[in-house]
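Worksheet: one structure, shown below.
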Amino acid sequence: MVFDPGFYKGKKVLITGHTGFKGSWMSVILVNLGAKVTGFSLDPDTDPSLFKLCDIKDSIDHNYGDIRNLDALKSVFDKSKPEIVIHMAAQPLVRRSYEEPVLTYSTNVMGTVNVLECTRLCDSVKSFLNVTTDKVYENLEKEEGYKEDERLNGYDPYSNSKSCSELVTDSYKKSFFSGRSISISTARAGNVIGGGDFAKDRIVPDLVRAAFSGQDIIVRNPYSTRPYQHVLEAVFAYLMIASKQYDDVSLSGCYNVGPEDSDCYQTGRLVDRFIECWGAGLSRVDKNDGGPHEASFLKLDNTKLKETFDWKPVWNLDTAINKTVDWSKCMLEGGNIRKCMNRQINEYLKAFCD
């Protein structure tokens with residue numbers, strides 16, 4: 000078994016960025032597993048937001064704060080005394096990073112420094128995971144997937160700031176955690192999709208908004224290729240890494256969290272599959288808006304994650320799209336969002352643990 004659902008029962012877990020898309024899914028999962036969850040984050044930056052829709056706030060220790068504020072962050076560490084820290088707070092958008100590079104670097108670099116500094120000063124932490132991105136690599140547009148030992152040098156301010164976050168983590172690991180019984184890792188995930196992502200300038204949220212409004216779907220880069228996966232693939236991989244390294248510091252490292260090569264889709268193909276699954280006469284319009292540089296081809300090599308943890312992806316992209324449409328229609332029809340999420344989590348968890 001690659002994941003023990005009973006591991007997290009009673010564990011104290013601190014999540015930065017718990018009000019975001021991935022953070023909301025992770026919070027619901029951990030509450031379901033019996034963990035004692037503390038969150039530190041800004042308010043959701045979208046309306047609607049998954050954090051509010053899933054009604055998780057009262058089930059966790061919710062703390063509003065900015066990871067750039069070291070004193071505020073440290074006070075939450077001191078109060079909660081976490082055993083596991085999962086760092087996901089970030090400015091996560093490529094296009095916004097061109098508009099606000101200082102905000103992007105200060106959040107993604109100095110924010111990571113602050114989280115690691117609080118971890119350094121907190122004796123209770125045994126497992127730390129920094130969630131970065133597949134975009135940390137110097138992208139040479141090659142067909143082979145990037146491996147963990149390849150050069151880090153993201154192109155745009157977002158990607159580059161995440162490359163820096165990786166380097167900060169490695170420096171803290173070597174400088175301050177050597178010889179201590181605490182595991183430090185990073186996870187580099189591909190593009191995630193799933194119910195509840197309302198971010199600007201992401202293809203699946205754009206698809207859902209178009210479906211809700213009945214408008215044409217505008218596709219900026221139909222031929223760009225990305226490693227798409229369902230959000231539960233990434234979140235459960237994070238939880239697996241954090242749990243497995245809890246008692247085994249030798250598992251500390253950096254890990255690509257990506258789908259099989261067959262699920263590295265061109266964006267246009269993903270859009271067509273979504274339209275087919277939605278089934279309501281949607282249509283796509285390919286229209287490059289002249290925006291800033293974005294890579295046209297990117298793949299990850301997930302061999303290390305497979306071999307280290309006996310892990311493999313559970314849901315292929317067709318299933319991921321079906322689950323995203325299912326969640327979105329639940330919202331559109333005024334259904335119970337938390338119940339829908341719990342159903343999908345249980346379906347995934349059963350397959351993940353088999």
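Numbering that gives the first Met the number 0 puts the first residue of the sequence shown at 0, with every later residue one more than the last.
Cβ coordinates follow ideal geometry from the N, Cα and C atoms, glycine included.
None of the values given here were measured: they were computed from a predicted structure.
- Just measuring C-alpha positions, the residue of Leu72, Asp133, Lys303 sitting nearest valine 93 is Asp133.
- Judged by their CB atoms, glycine 5 and lysine 35 are not nearer to each other than the 8 Å cut-off.
- Among the bridge pairs identified by DSSP, isoleucine 217 is matched with Val284.
- Here the alpha carbons of glycine 280 and phenylalanine 211 stand approximately 12 Å from one another.
- When the alpha-carbon of alanine 188 is set against those of Asp155, Asp317, Leu166, Glu232, the nearest one is in Glu232.
- For asparagine 107, the closest C-alpha among the options Thr307, Arg268, Val167, Asp70 is that of Val167.
- Residue environment analysis places glycine 178 among the exposed positions, since fewer than 16 neighbouring C-beta atoms fall within 10 angstroms of its C-beta.
- Spatial neighbours of proline 258 in its own chain (CB-CB distance under 6 Å, excluding positions within 5 residues in sequence) are listed in chain order as Pro226, Gln228, Pro312.
- For cysteine 253, the pairing in a beta bridge is given by DSSP as Thr185.
- Valine 135 is not a Cβ neighbour of serine 105, given a cutoff of 8 Å.
- Each residue's CA atom was taken as its position, placing tyrosine 171 and glutamate 275 some 47 Å apart.
- For a cut-off of 8 Å, the C-beta gap from lysine 11 to glutamate 82 is around 5 Å, short enough to register as a contact.
- In the structure shown, lysine 161 falls within a helical segment according to DSSP collapsed to helix, strand and coil.
- Taking the C-beta atoms as reference points, leucine 115 is found no nearer than 8 Å to alanine 241.
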